[in-house]
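FYI, in my numbering the residues of the sequence shown are 40 to 100. These notes are about the structure you will find just below.
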Amino acid sequence: MKFFLCVLGMVFIVEGLPYVAFPGKLKAYLSRLITLPDSTLQFLGLIAMLFGVLLVYFGRS
Numbered sequence: 040m041k042f043f044l045c046v047l048g049m050v051f052i053v054e055g056l057p058y059v060a061f062p063g064k065l066k067a068y069l070s071r072l073i074t075l076p077d078s079t080l081q082f083l084g085l086i087a088m089l090f091g092v093l094l095v096y097f098g099r100s
């Protein structure tokens, strides 16, 4: 559980970094994100999840 909380904390740090470093660019990016079709967002989410699973697999082996 301690390791999980450490990893979760790192995720929050990485997720929060763009909001602190580039708030204007992030707003512009998010406004463009709204115009993408749902199928594209689902595909990108699936690719991100698969990449995350691969990272966990190779990191644990």
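Beta carbons are placed, not taken as given, at the ideal position from N, Cα and C, and that holds for glycine. Just so it is clear, the structure is predicted and the values come from calculations on it, not from any experiment.
How is residue i classed by DSSP in three states: helix, strand or coil?
{"i": "Phe-97", "result": "helix"}
{"i": "Met-88", "result": "helix"}
{"i": "Ile-73", "result": "coil"}
{"i": "Met-49", "result": "helix"}
{"i": "Leu-42", "result": "Just to set this straight, residue 42 is Phe in the shown sequence, not Leu. Helix, per DSSP."}
{"i": "Phe-82", "result": "helix"}
Excluding the 5 residues preceding and the 5 following residue i in the sequence, name in chain order all residues of the same chain whose CB lies nearer than 8 Å to its CB.
{"i": "Leu-80", "result": "Leu-72"}
Hey, is residue i close to the ligand SAM, as in C-beta under 7 Å from one of its heavy atoms?
{"i": "Val-59", "result": "Of the ligands one can find in the structure shown there are none, so the ligand SAM has no counterpart to examine."}
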